[in-house]
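Q: Starting off with a structure, shown below.
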Amino acid sequence: MPKGVVPIEIIPTDKFKSSMGAKYEIVDNYNNTGRLAIVFIADALGKGVFDIATIKTMVDPDTEEGNVKNEVFVTFESQVIEKIGTFKSPPGEENDGNEWLYDEVEFRLIKVKELFARKYIKKENDLSWLPTGIITESEEAFDYRLSLINNLETPRSNIDLVDFFPYIGDESIQEENIGNGVRPPRESQFENTFDLNRWVIVPEDYTVKYWNSDSVIDYQGKSADSVIASLTWSDEPAENTRGIRITANEGIELKPNERLDIIIPMKAPVNDITNDFELSGKRAYNTYVRKDNATIRFLEPNRVYNELASPMGTIELIKWGQDELHAPVENQFKLEGAVFEIRDEQGNFIENATSDENGLVKFDNIPINGTYTIKEVKAPDGYTLTNKEITVDYEDFKAAYKDGEFKVVIDDFNSIENFLNVKPVFGSLELEKVNSANESLQYIRFNLKGLDEWNKDINKDYLTNSQGKISVTNLMEGRYQLTEVGNPSDTGFIPVTPIEFEITKENPNIKFTEDNRIVNEEIRLLINKIAVGNDFDLEQSIKNLTDFGRKKLSGYQFIISEKENPESTITTDPTVNGSVTIEGLKINTIYQIIEIRKDGTIYSHNENAYEFQISSTGKVLDINGEPFKQNLINFPNKEKEIQGKVTV
Numbered sequence: 004m005p006k007g008v009v010p011i012e013i014i015p016t017d018k019f020k021s022s023m024g025a026k027y028e029i030v031d032n033y034n035n036t037g038r039l040a041i042v043f044i045a046d047a048l049g050k051g052v053f054d055i056a057t058i059k060t061m062v063d064p065d066t067e068e069g070n071v072k073n074e075v076f077v078t079f080e081s082q083v084i085e086k087i088g089t090f091k092s093p094p095g096e097e098n099d100g101n102e103w104l105y106d107e108v109e110f111r112l113i114k115v116k117e118l119f120a121r122k123y124i125k126k127e128n129d130l131s132w133l134p135t136g137i138i139t140e141s142e143e144a145f146d147y148r149l150s151l152i153n154n155l156e157t158p159r160s161n162i163d164l165v166d167f168f169p170y171i172g173d174e175s176i177q178e179e180n181i182g183n184g185v186r187p188p189r190e191s192q193f194e195n196t197f198d199l200n201r202w203v204i205v206p207e208d209y210t211v212k213y214w215n216s217d218s219v220i221d222y223q224g225k226s227a228d229s230v231i232a233s234l235t236w237s238d239e240p241a242e243n244t245r246g247i248r249i250t251a252n253e254g255i256e257l258k259p260n261e262r263l264d265i266i267i268p269m270k271a272p273v274n275d276i277t278n279d280f281e282l283s284g285k286r287a288y289n290t291y292v293r294k295d296n297a298t299i300r301f302l303e304p305n306r307v308y309n310e311l312a313s314p315m316g317t318i319e320l321i322k323w324g325q326d327e328l329h330a331p332v333e334n335q336f337k338l339e340g341a342v343f344e345i346r347d348e349q350g351n352f353i354e355n356a357t358s359d360e361n362g363l364v365k366f367d368n369i370p371i372n373g374t375y376t377i378k379e380v381k382a383p384d385g386y387t388l389t390n391k392e393i394t395v396d397y398e399d400f401k402a403a404y405k406d407g408e409f410k411v412v413i414d415d416f417n418s419i420e421n422f423l424n425v426k427p428v429f430g431s432l433e434l435e436k437v438n439s440a441n442e443s444l445q446y447i448r449f450n451l452k453g454l455d456e457w458n459k460d461i462n463k464d465y466l467t468n469s470q471g472k473i474s475v476t477n478l479m480e481g482r483y484q485l486t487e488v489g490n491p492s493d494t495g496f497i498p499v500t501p502i503e504f505e506i507t508k509e510n511p512n513i514k515f516t517e518d519n520r521i522v523n524e525e526i527r528l529l530i531n532k533i534a535v536g537n538d539f540d541l542e543q544s545i546k547n548l549t550d551f552g553r554k555k556l557s558g559y560q561f562i563i564s565e566k567e568n569p570e571s572t573i574t575t576d577p578t579v580n581g582s583v584t585i586e587g588l589k590i591n592t593i594y595q596i597i598e599i600r601k602d603g604t605i606y607s608h609n610e611n612a613y614e615f616q617i618s619s620t621g622k623v624l625d626i627n628g629e630p631f632k633q634n635l636i637n638f639p640n641k642e643k644e645i646q647g648k649v650t651v
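In my numbering, each residue carries its 1-based index in the sequence shown increased by 3.
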């Protein structure tokens, strides 16, 4: 979000909400940018999801005039999805390995000439103040902020601010119309308390007073002005503080383009297992009233709320399957890929969860004050979908409570009784990935794709582990294609030709191991030709040189030779858009790279030869084995020094 623009309501679309694992969170101070971010996440988006959410916002009155930019970033874990558009990474995510799509919209802010009064709220350790509301835990510390922003051309004096804290069944502080004694309900469902362990933050030219009372405020049908004047205000807070008053000292003004901020420390009430979390999901609302030399009575701005969070629990079960319809119990196994959904007592969809390779089905962050129904909604291809359900309610969470955690585990007997599937013949795939020196290659990505009608939905990427291995189980019989995934424009091993294989009852376990290992023979290297400043030392190592923000130069060629065998050379094609790739390099070999002189340019010829090597894992290193900052060669050039003379 742009600085000074805050969300007041986030409305996800129905299609996004129904997507598997769909959720969003508001992230305060995203990656230390000082900006608020709204992060939308889904395990998978269904077909036809074009809109994610509508975000209603409000501009802070103190925001400077000018153009502001709202930015959106999108990425997908699957490398199969073709991304079309502008590419740019979010702040702090430049090296996360993902390719991000980017879009933006720009608009202009103009200040309104007005004295703004606003109420804000935030958790104690958050950065962003919100004019709407927050979620607080049991007894969590949070803050109210009372703000006056003077965008007028004249000062205001005799400033008086009064805040009465929430209580059950409370009302607005000021009457609706002068003299009618009618107050709209403020609708608080619990009381917050003043935090005696922290101080009110107030400018030194203002005085703070406290209203301490064992009873809630009784307006008696009178105006706020009359009621406030009749109360006894103390210099010190107490356990029963219910209100606070801040007044400007004599002669103190709020001048044009100044703002006044008062921060009041607060604390949410107890909401835990001792009261069965009965306050979960309930809210306490708060406003304040303000008065100055230009108002005839106290005025009341926006209200804010804190909602008590429902404790979150986890529901787990193990998904079981078997190879044949009448297979013995001992042949049952943990099953991957079954999709379950959970709904509340009103039938509202909460989320989906899919059994992992260990058969684990896990629903996280489920509010414990509810009754939920779990059922299987999709079985892996070839499995029979079960039609039974299991119900979990608060009593189950309460019985499972241990060490501060609500974790309901559905035992295997109930899981098998309700959710056991039968499957056809399944097999497995094992592979080992090595380089030309028979050294294991880790983190090499392979895509496994089903080629038959019944397994065509299998299309998944896998990474080799630290031993260069991939192991995939529960593969349904049929034909498959195994494709090594690589970026043709990056440095790294050149992928092998795609491999097709078939799983049958007679040959269920496919192995590309030992003598049949998958071997990468050749290396591809990316070279950038970049312009550098005239203060750059061309004789230094280029290990730490990057192309970030630098101009790339086209039309340059290079000669690469082995240091120990200088006669073994490779000449590159000319750079296009500043880059060129070459193939045929060997691992663990010291190379030298020089540029071929190019005339007719504004750049000087770089006569330096730079040394590098490529590791057994495909990384560009210097001769000491230290990695380059970017996994490529950035070859620098300076502009020519142009000399002239002035004749007078």
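For each residue, glycine too, the CB sits at the ideal point set by N, CA and C. Here the structure is a predicted model, which is why all the values come from computation and not from measurement.
Taking the C-alpha atoms as reference points, what is the distance between Glu379 and Ala47?
A: Approximately 17 Å, taken between the alpha carbons.
Q: Since I believe Pro158 is in contact with Leu263 (beta carbons under 8 Å), could you give me their beta-carbon distance rounded to a whole number of angstroms?
A: Not really, about 12 Å apart at Cβ, beyond 8 Å.
Q: Which value, in whole angstroms, describes the spacing of the CA atoms of Val9 and Asp129?
A: Cα-Cα distance, rounded: 14 Å.
Q: Using a Cβ-Cβ cut-off of 6 Å (strictly less than) and excluding sequence neighbours within five positions of Pro93, which residues of its own chain qualify?
A: Taken in chain order, the residues that qualify are Phe76.
Q: Can you name, in chain order, every residue of its own chain whose Cβ lies under 6 Å from the Cβ of Lys426, other than the five neighbours on each side?
A: So the list reads Gly324, Gly385 and Tyr386, once near-sequence residues are dropped.
Q: Is the separation between the beta-carbon of Thr592 and that of Glu565 shorter than 8 Å?
A: Cβ distance < 8 Å, so Thr592 and Glu565 count as in contact.
Q: Under three-state DSSP, which class holds Thr16?
A: Three-state DSSP puts Thr16 in coil, outside helix and strand.
Q: Going by alpha carbons, who is nearest to Val364 out of Glu456, Gly316 and Leu320?
A: For Val364, the nearest C-alpha among the options comes from Leu320.
Q: I'd like to know whether the C-beta atoms of Ile617 and Ile590 end up nearer to each other than 8 Å.
A: Yes; because the gap between Cβ atoms is below 8 Å, this pair is in contact.
Q: Taking Asp464 and Val488 to be in contact with their CB atoms under 8 Å, please state how far apart those CB atoms are, rounded to whole angstroms.
A: Asp464 to Val488, Cβ: 6 Å. Contact.
Q: Could you give the uninterrupted runs of the beta strand (DSSP E) lying entirely in the segment 438–466, keeping only those of 3 residues or more?
A: The qualifying runs are 448–453 and 462–466.
Q: Spatial neighbours of Val412 within its chain, please: C-beta separation below 6 Å, excluding the five flanking residues on both sides.
A: Glu319, listed in sequence order.
Q: Spatial neighbours of Arg189 within its chain, please: C-beta separation below 6 Å, excluding the five flanking residues on both sides.
A: Counting only Cβ-Cβ distances below 6 Å, and skipping sequence neighbours, we find Asp173, Glu174, Ser175 and Tyr288.
Q: Can you give, in chain order, each stretch of the beta strand (DSSP E) that sits fully within the segment 222–271 and has at least 3 residues?
A: Correct list: 244–251 and 262–270.
Q: Between Glu660 and Arg527, what straight-line distance do the alpha-carbon atoms span, to the nearest angstrom?
A: Here the chain covers residues 4 to 651 and nothing more, so residue 660 does not appear.
Q: Would you report the Cα separation of Gln633 and Asn200, rounded to the nearest angstrom?
A: Gln633 and Asn200: Cα-Cα distance of roughly 50 Å.
Q: Would the beta-carbon of Asn296 fall within 8 Å of that of Asn161?
A: Yes, Cβ-Cβ distance for Asn296 and Asn161 is below 8 Å.
Q: Of all the options Leu118, Val71, Thr139 and Ile84, which has the alpha carbon lying nearest to the alpha carbon of Arg111?
A: That would be Val71, whose Cα lies nearest to the Cα of Arg111.
Q: Within a Cβ cutoff of 8 Å, which residues of the same chain sit near Ser21, ignoring the five residues on either side of it in sequence?
A: Counting only Cβ-Cβ distances below 8 Å, and skipping sequence neighbours, we find Gly49 and Phe352.
Q: Go ahead and label Ile654 buried or exposed: buried means 16 or more other beta carbons lie within 10 angstroms of its beta carbon, across all protein chains shown.
A: Any property of residue 654 remains undetermined from this structure, which presents the chain solely from 4 to 651.
Q: Indicate the three-state DSSP secondary structure (helix, strand or coil) for Thr572 in the structure shown.
A: Strand at Thr572.
Q: Can you give me the start and stop residues for the beta strand (DSSP E) that Ile645 sits inside?
A: First-last for Ile645: undefined, no H or E at that position.
Q: Taking C-alpha atoms, which residue in Ala25, Glu102 and Asn640 lies nearest to Thr604?
A: Closest option to Thr604, Cα to Cα, is Asn640.
Q: Is Tyr559 helix, strand or coil when you go by DSSP?
A: Of the three classes helix, strand and coil, the one that applies to Tyr559 here is coil, per DSSP.
Q: Give me the DSSP bridge partner(s) of Gly324.
A: For Gly324, which the question treats as bridged, DSSP gives the partners Phe336 and Asn424.
Q: Where do the N-terminal and C-terminal ends of the beta strand (DSSP E) with Phe119 fall, by residue?
A: Residues Leu118 to Lys126.
Q: Between which two residues does the alpha helix (DSSP H) harbouring Glu74 extend?
A: Not the alpha helix (DSSP H): Glu74 falls in the beta strand (DSSP E), residues Gly69 to Val77.
Q: Does DSSP classify Lys26 as helix, strand or coil?
A: Three-state result, Lys26: strand.
Q: In this structure, does DSSP put Glu80 in helix, strand or coil?
A: The answer is coil: DSSP assigns Glu80 none of H, G, I, E or B.
Q: Who are Ile299's beta bridge partners in DSSP?
A: DSSP lists no partner for Ile299.
Q: State yes or no: is the C-beta of Asp106 within less than 8 Å of the C-beta of Thr89?
A: The answer is yes: Cβ separation under 8 Å.
Q: Select from Tyr397, Gly558 and Trp457 the residue whose C-alpha is nearest the C-alpha of Glu348.
A: For Glu348, the nearest C-alpha among the options comes from Tyr397.
Q: Going straight from the alpha carbon of Ser313 to that of Val307, what length do you get?
A: Approximately 19 Å between the Cα atoms of the pair.
Q: Using the C-alpha atoms, what's the distance from Asp576 back to Arg600?
A: Looking at the two C-alpha atoms, the distance is approximately 14 Å.
Q: Determine the direct distance from the alpha carbon of Asn368 to that of Phe429, and round the result to whole angstroms.
A: So the alpha carbons of these two residues sit roughly 34 Å apart.
Q: Rounded to whole angstroms, what's the CA-CA distance from Val1 to Glu480? Just pull it up for me.
A: Lying before the first or after the last residue shown, residue 1 is absent from the chain, which here runs from 4 to 651.
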